[in-house]
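Numbering-wise, the UniProt record's numbering puts 92 at position 92 of the sequence shown, and it's gapless, one number per residue. As structure tokens, the structure follows; a few thoughts come after it.
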Amino acid sequence: MSIRPGPRNLITDVDGILVGNAEDDRVRTGVTVIYPEARCAAAADVRGGAPGTWNIQALDPTSLGNQVDAITLSGGSMYGLEAGCGVVAALGARGRGVVFGGAVVPVVPGAILFDLMNGGDKAWGEAPPYRALGRAALEAAGPDFALGNAGAGLGARANALKGGLGSASTVTADGVQVGAIVAVNSFGSAVMPGTDRFWAWPLEMEGEFGGLGPPPADWRGEPEMPLPPNYALNPMANTTIAVVACNVALSKGDLQRLAIMAQDGLARAIRPIHTPFDGDTVFAMATGKLALSNPAMLARLGHLAADTLARAVARGVYHAESLGDRPGWRAWRDAG
1 MSIRPGPRNL
11 ITDVDGILVG
21 NAEDDRVRTG
31 VTVIYPEARC
41 AAAADVRGGA
51 PGTWNIQALD
61 PTSLGNQVDA
71 ITLSGGSMYG
81 LEAGCGVVAA
91 LGARGRGVVF
101 GGAVVPVVPG
111 AILFDLMNGG
121 DKAWGEAPPY
131 RALGRAALEA
141 AGPDFALGNA
151 GAGLGARANA
161 LKGGLGSAST
171 VTADGVQVGA
181 IVAVNSFGSA
191 VMPGTDRFWA
201 WPLEMEGEFG
211 GLGPPPADWR
221 GEPEMPLPPN
231 YALNPMANTT
241 IAVVACNVAL
251 SKGDLQRLAI
261 MAQDGLARAI
271 RPIHTPFDGD
281 TVFAMATGKL
291 ALSNPAMLAR
301 LGHLAADTLA
311 RAVARGVYHA
321 ESLGDRPGWR
331 AWRDAG
């Protein structure tokens with residue numbers, strides 16, 4: 001096979017990328033930090049109708065620079081944007097960032113998802129936990145990390161099932177590395193209606209989300225649109241946020257195209273996607289270890305990123321664990 005998962009099947013199979021998670025089980029929320037060992041180029045693409053993001057305009061191809069020191073994915077809706085403040089403070093104390101004279105300014109974009117209705121204790125007053133969680137996630141950054149009820153995926157829900165944090169990687173025979181990480185908190189479903197099969201099943205590698213294969217032969221297709229059941233239908237209470245990374249050197253415009261193409265991975269794994277109720281956002285990072293040989297290589301990278309992200313979505317739901325017995329918080333593995 002010319003492509004395969006990396007040794008960890010995580011985004012950290014892209015050389016130079018580390019990930020850290022931090023959770024607050026009492027609040028039922030968490031933060032994930034994607035931390036490049038060296039500053040690297042990044043871009044962002046927003047497709048959902050209800051996004052919550054921080055500092056992504058700095059990544060626009062028309063802006064002065066597009067290198068980042070970290071990217072944060074957080075629960076907490078707007079409160080979760082404080083996670084980026086915690087990461088900025090911690091990185092600044094390390095001397096990591098853009099240096100202006102004697103000043104150090106870390107560049108840390110991020111995105112948030114809505115997890116405020118999962119039964120956790122949200123009575124934090126004027127002291128939400130996200131700044132501290134951001135610092136803790138950065139401190140935990142390394143090559144290995146948990147999936148499912150971890151980091152930004154702890155309090156997530158995917159349609160009528162428990163959502164979670166997923167990750168996957170793809171490596172090629174000629175040395176290209178592509179990885180994805182995603183917090184799945186989607187209005188749409190990652191599972192084919194009436195079955196336990198994932199929409200991403202054709203892309204599965206090495207049984208990474210159960211190895212169940214296609215839907216049963218008597219499956220009759222989906223409804224016109226597979227809406228969540230009434231108990232899970234909370235408009236504006238969703239969002240799937242993700243990062244894809246590669247080890248190829250890309251220009252600003254190339255990175256933007258990579259982020260755009262990677263969004264198709266969400267469409268391959270979740271139906272419906274990019275709805276008015278989601279804030280679907282995908283970041284792209286490039287560590288620049290390999291040269292971009294030609295424009296066709298960029299198309300190849302985007303294709304690999306989309307498929308890898310789709311696999312990561314399925315893995316996030318596959319590894320999730322139930323949050324109690326309430327409808328909508330049962331995990332895929334417990335849904336039966």
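Glycine included, every Cβ here is placed at the ideal spot set by N, Cα and C.
Residue range of the beta strand (DSSP E) that includes residue i
i    : result
Y35  : 29-36
L165 : 164-172
M285 : 281-290
V105 : 103-105
I112 : 110-112
D24  : 17-24
G179 : 177-184
V248 : 241-248
V99  : 98-100
A44  : 40-46
I11  : I11 -> no beta strand (DSSP E), and no H or E assigned at all.
I71  : 71-74
Segment limits, alpha helix (DSSP H) that includes residue i
i    : result
K122 : Where K122 is concerned, there is no enclosing alpha helix (DSSP H), given that its DSSP letter is neither H nor E.
V313 : 295-319
L266 : 252-269
L203 : Per DSSP, L203 belongs to no alpha helix (DSSP H) and is neither H nor E.
L59  : First-last for L59: undefined, no H or E at that position.
L133 : 130-139
L91  : 82-94
W332 : 332-335
Reference residue i, options the options, closest by Cα
i    : options                : result
A44  : V108, D334, P216       : V108
G125 : N247, G102, V27, N118  : V27
G75  : R131, E37, A284        : R131
L203 : A137, F114, T308       : T308
T32  : P7, G102, G142         : G142
V176 : R8, G288, A38          : G288
A156 : N294, D25, A267, L250  : D25
L138 : A123, V184, L73, F114  : L73
A242 : N294, G134, W199, A310 : A310
Y35  : V88, Q57, P7           : V88
A306 : H319, P295, I270       : I270
Y318 : A200, L290, D115, P216 : A200
D115 : Y79, I273, P295        : Y79
N247 : G213, W219, D121, L290 : L290
V184 : F145, T275, L113, P216 : L113
P7   : W219, D144, D218, G221 : D144
Cβ distance (whole Å) where residue i is taken to contact residue j below 8 angstroms
i           : j    : result
V68         : C40  : 7 angstroms
A150        : L161 : No, A150 and L161 are not in contact; Cβ-Cβ is about 16 angstroms, not under 8 angstroms.
G211        : S186 : With a Cβ gap of about 23 angstroms, G211 and S186 do not count as contacting.
A158        : A111 : With 8 angstroms as the limit, A158 and A111 do not qualify as a contact, their Cβ atoms being about 17 angstroms apart.
G316        : G148 : 7 angstroms
A249        : L292 : 6 angstroms
G134        : A93  : Wrong, their Cβ atoms sit about 13 angstroms apart, outside the cutoff.
L154        : G253 : The Cβ separation is near 36 angstroms, so there is no contact.
residue 337 : F198 : Only positions 1 to 336 of the chain appear in this structure, which leaves residue 337 out of reach.
Same chain only: Cβ atoms within 8 angstroms of residue i, ignoring 5 sequence neighbours per side
i   : result
P5  : D13, A168, S169, T170, V171, M205, E206, E208
A42 : L59, N66, Q67, V68, I71, P109, L255, F283, A284, M285, A286
S2  : T172, A173
Same chain, Cβ closer than 6 angstroms to residue i, neighbours up to 5 away in sequence not counted
i    : result
A127 : none
A312 : G166, S167, A168, A180, V182
T62  : none
L304 : T170, V178
V105 : G97, V98
E37  : G16
I273 : G188, L266, A267
P215 : M192, T195, R197
Contacting residues, own chain, Cβ-Cβ under 7 angstroms from residue i (five flanking each side not counted)
i    : result
R330 : L161, K162, S322
N9   : A168, S169, E208
D334 : S322
G213 : W201
A140 : G20, N21, A22
I56  : A44, P109
Counting beta carbon pairs with one atom in the segment 250-261 and one in the segment 19-26, are three or more of them shorter than 8 angstroms?
Taking a cut-off of 8 angstroms for Cβ pairs, the segment 19-26 and the segment 250-261 do not touch, as fewer than three such pairs fall below it.
How do the segment 272-290 and the segment 236-252 stand: do at least 3 beta-carbon pairs fall below 8 angstroms, yes or no?
Note that the segment 272-290 touches the segment 236-252; at least 3 beta-carbon pairs, one per stretch, sit closer than 8 angstroms.
With a cut-off of 8 angstroms, do at least 3 Cβ pairs link the segment 314-333 to the segment 49-58?
With the cut-off at 8 angstroms, the segment 314-333 and the segment 49-58 do not touch.
Contact between the segment 293-307 and the segment 184-199 (3+ Cβ pairs under 8 angstroms)
As far as the Cβ criterion goes, the segment 293-307 does not touch the segment 184-199, which means the pair count is below three.
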